[in-house]
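Residue numbers (my numbering), protein chains in the order written: chain A, 1047 to 1194; chain B, 138 to 841.
Cβ atoms here follow ideal geometry from the backbone N, Cα and C, with glycine treated the same way.
Comments concern the structure below.
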Amino acid sequence: CGFRLRGSNGEANLPFKTMVLGFGDTSPLGAELRRNIRANGTAVITDRKLADASLDVLSETREKVILSLNSAGRVREFTLYYKFRFQVVDNTGKQLLAPTDIILKREISFNESAVLAKEAEEGLLYRDMQSDLVQQILRRLAALKPAT
Amino acid sequence: QSAPPPRPAKVNDREAPAEVSAEKMTGRPDRELELDSKVEIVRGTTTVTSDHAKYRIVEDEIEATGNVRMKRIDDIYTGDKLKLNMDAGEGFVTNPTYRLERNNGQGKATRIDFESEDRATVVDGTYSTCEGPNPDWYLKSGTLNLDTARDIGLAKSTVVYFKGVPILAAPAMSFPLSDARKSGVLPPTIGATNRGGLEVTVPYYFNIAPNRDLTLYPKVIAQRGLQLGAWARYLDPMYAGETKIEGLLKDKLTGTDRWALSSIHTQTLRPGLTLNWNINAASDDDYPTDFSRTLTTATQRLLLRDLSLTYGAAYWSATARTTNYQVLQDPVAPIARPYDRLPQLTLTTARPDVAGFDLAADADLTRFWHPTLQRGDRLFVNPKVSYPIIEPGFFITPKLAFHATRYQLDNTVTGVNGAPSRALPTASLDGGMVFERDTSLLGKALTQTLEPRLFYVYTPYRDQSLLPNFDSALADLSFTQLFSENRFVGNDRISDANQVTAAVTSRFLEASGEERARIAIGQRYYFSEQRVTLGPLANDSRSDLLLSANGRLNQALSAETNLQYSQTQHVLNRANIGVRYQPAPMRVLNLQYRQDLPNNLEKSFDVSGQWPFAQRWYGVGRVNYSLTTSKVAEGLLGVEYKADCWVFRIVGQRTPTSTLQATSALYFQLELNGLSKLGSNPLQALRASVPGYQNINQSNTNRP
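Okay, here's the thing in structure tokens:
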């Protein structure tokens, strides 16, 4: 049916030998992305002047929006959004990827009597979105052409 | 909103010569010139044309009469007599008209005094952003100061006319002269609700600095009194947050003070150390019913108060936190009060990639407090070690975890263990592969992936029926949950597990790497009985089947489907099916069906949209219809009319606020372009109710 293992033709690798990731030291998203970028054979360094590409984080926000009320006016579902905006530039400052938004969402039911459990479930969903986001960022990076 | 383009630099060259031309020129060439017929005087960015003019060269002063027209930078003034010192930009014009380039502000007056090149005072004049001699709306003011350097207009003793009818009078009023955010009155809203009668809101926006602002919204509610509201936002490198507060002294219906507060704040006290708070409060249980339209958070009946201090370093973080909820009771459907955490101390450590191993450990000590239920302290530690093997085409992650918990319960009955404990190991193996192929959808080349994934978990059984339940519940079944070790969320219940999850995902990716669509199917298979339960016993051989498909068919049409099907009971436990059609800005239709049996959610249809139905007319609507109760849960219907220089809206809305009550409201709003320029629509109900709604007064960029 035409499917082949990803990376078997070498295309899945990132088109950069070295990258700078503009996340804070304690960012969980940054840590997970760093690990995946290294797994692709690209070194993560800190000096933008020496890097083939730098990923700039323009914004990273989480939002919780009411999705539905029941007919008694109680919130019964929320939508959780994880919104990430970034760009990629090379070491001369030239844009390799214009500012790009990736927006992920998950729905979660709500019940006042289990609010503490729902808080933990939100954490779980945000972590899952984070992993999803890492994969989507990698796909965008792999599609870039380095400056020639 | 983007900043307006910079104005041309002010030409301040005192040596710059004035260029003078006319069909007839007399006088002394170095003192005074008399100019007649087709006079044009240009100096720097100022150009004056007229029938006659006198130019005093030493004073650099002109007196022009007859068809006077002056262009300063890009602003145009006309009149019958102009006197102007070209150097200082000072002077006056009589019986003028004027037109400002940047926002099309224009009007006429008996006189305009020029104080400098960018400041002018319009005396007994009008101001409008409408074209033509008979504007749909205008201000009439005793004096009107136009400051084009600061982009602010200030009108004193002013009356606003709409279609020739005076609608608003104010001793003073300011407005922006460009698209920049400036302090000023926001469009007033007039409305009526069944909970307070007629109400009028006149918000005022203070643009304090680029990174902080304040909106005041005084509201007169006929049956209750004057409610004052304020909303402040700030964003600094070291701290950020926003606070909304509103209050009404001596509500005429209840005789009590009514108020609500919502405040969030984040502050970096020193590198790594952050303080957070999220505090919500309301004066009484009926607040969301009586004032449901004011704070969006007031539709929630649990108001969180959360204060935390976190120290984070590269591989660990520690948090001290305390939380509590205010419960706004609904007497007909009472709400169980959640536990307070007084306090919760958490330590999280993680060290990825130590010789290929990911090491992590969490520890948490919480004191759970409740006025009536069992109180106690709970301590748990949860170390984890995994060895992820990640390649572009596959991944395998073996993982071991250990969960040790100890309780110290208050006031237990004799014979009941006051210090129960539990220790549980968990082993898991997660693995997946990624296959790819080239394909096309509607003529566009795409990459399609096929991603099978298996996840095995083993956790032995421990009897947990005698442990308290402070913060645990069964999680919603979702793809996230299928790949998590524990069927429960929270830390009082750890599920016994001997189970494997199988799932396949297929994505459609564009050449840019953007995910266009995704289809997924997944299920969990249990090899042994699930003995740890909260509620009814479960002995299923497999979980419900999850199916999910979502994506964009083309630029306009997108769809989303999530299904949860029980093969043992042959029941569709959960379904949400939605379609959005958005062929152009300000044209959107949403259709959604939802049902959720495990959470006792009502089956409902939700239809919403925004659509132009005639030239300049836009309709906005939403109906959320509950099939279970055969009632409209939420409904909204609005009509918007967009003229060249104003917008009119009527919105009717019904929102349920408690078991027996609903708020019905009708709102009118007239927005005069140029009197206020702000990105948000004060009728936030439109945006909240209709996904994809765009303000008709903002032509583009207003993405949902």
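Contact annotation: the stretch 1123 to 1134 of chain A touches the stretch 1105 to 1114 of chain A, with at least three C-beta pairs closer than 8 Å. When C-beta atoms of the stretch 612 to 632 of chain B are compared with those of the stretch 1152 to 1161 of chain A, three or more pairs fall below 8 Å, so the two segments count as touching. Beta-bridge annotation (DSSP): B/Y662 is paired with B/V637 and B/R679. By the neighbour-count definition (other C-beta atoms within 10 Å, threshold 16), A/K1164 is a buried residue. When Cβ-Cβ separations below 8 Å define contact, B/D490 makes contact with chain A.
The residue from B/V518, B/Y762, B/A693 and B/Q706 with its alpha-carbon nearest to that of B/R724 is B/A693. By the Cβ-count criterion, B/V469 is exposed, with fewer than 16 other Cβ atoms from all chains shown falling within 10 Å of its own Cβ. In the structure shown, B/Y354 falls within a coil segment according to DSSP collapsed to helix, strand and coil. The beta carbon of B/A473 sits closer than 8 Å to some beta carbon of chain A.
It is roughly 5 Å from the alpha-carbon of B/G650 to the alpha-carbon of A/R1185.
Judged by pairs of C-beta atoms under 8 Å, the stretch 267 to 274 of chain B does not touch the stretch 212 to 226 of chain B, as fewer than three such pairs exist. In the displayed model, B/I631 falls within coil according to three-state DSSP, outside both helix and strand.
With a contact defined as Cβ atoms closer than 8 Å, B/V637 and B/E588 miss out at about 17 Å. Under the Cβ distance rule, A/E1106 does not count among the residues neighbouring chain B, no pair being separated by less than 8 Å.
Think of a sphere of 9 Å around the beta carbon of B/R574: the chain A residues whose beta carbon falls inside it are C1047, G1048, F1049 and R1050, in chain order.
With fewer than 16 other Cβ atoms inside 10 Å of its own Cβ, A/C1047 counts as exposed.
B/G493 and B/F428 have their C-alpha atoms roughly 57 Å apart. For B/D495, no alpha helix (DSSP H) run applies; the uninterrupted beta strand (DSSP E) run containing it begins and ends at F494 to W506, by DSSP.
In the DSSP assignment, B/Q545 falls outside any alpha helix (DSSP H) and within the unbroken beta strand (DSSP E) covering F531 to L546. Around the beta carbon of B/N554, fewer than 16 other beta carbons lie within 10 angstroms, which makes this residue exposed.
The stretch 781 to 793 of chain B makes no contact with the stretch 304 to 312 of chain B; the number of CB pairs closer than 8 Å stays below 3.
Taking a beta-carbon distance threshold of 8 Å, B/D501 does not count as an interface residue toward chain A. Straight across, the Cα-Cα distance linking A/M1065 with B/G328 is about 56 Å.
For A/P1074, the enclosing alpha helix (DSSP H) starts and ends at P1074 to A1085. For B/T426, the enclosing alpha helix (DSSP H) stretches over residues Y424 to D427.
Residues of the same chain with a CB within less than 8 Å of the CB of A/K1191, apart from the 5 flanking positions on each side, are P1061 and L1142 in chain order.
Beta bridge pairing from DSSP links B/A457 with B/L446 and B/L482.
By a beta-carbon distance limit of 8 Å, B/L734 contacts B/N710. Their separation comes to about 5 Å. In chain B, no part has a C-beta under 7 Å from the C-beta of A/I1091; the shortest such distance is about 16 Å. In the structure shown, B/T549 adopts coil according to DSSP, grouped into three states. Rounded to the nearest angstrom, the gap between the Cα atoms of A/N1157 and B/R236 is 58 Å. Excluding residues up to 5 positions away in sequence, T459, R504 and W506 lie with their Cβ nearer than 7 Å to the Cβ of B/L479 in the same chain. DSSP, read as helix, strand or coil, puts A/A1166 in helix. Short of 6 Å from the beta carbon of B/R661, and not among the five residues preceding or following it, lie these beta carbons of its own chain, in chain order: L619, Q636, T638 and S680. Judged by their CB atoms, B/R438 and B/P425 are nearer to each other than the 8 Å cut-off. Around the beta-carbon of A/G1087, fewer than 16 other beta-carbon atoms lie within 10 Å, marking it exposed.
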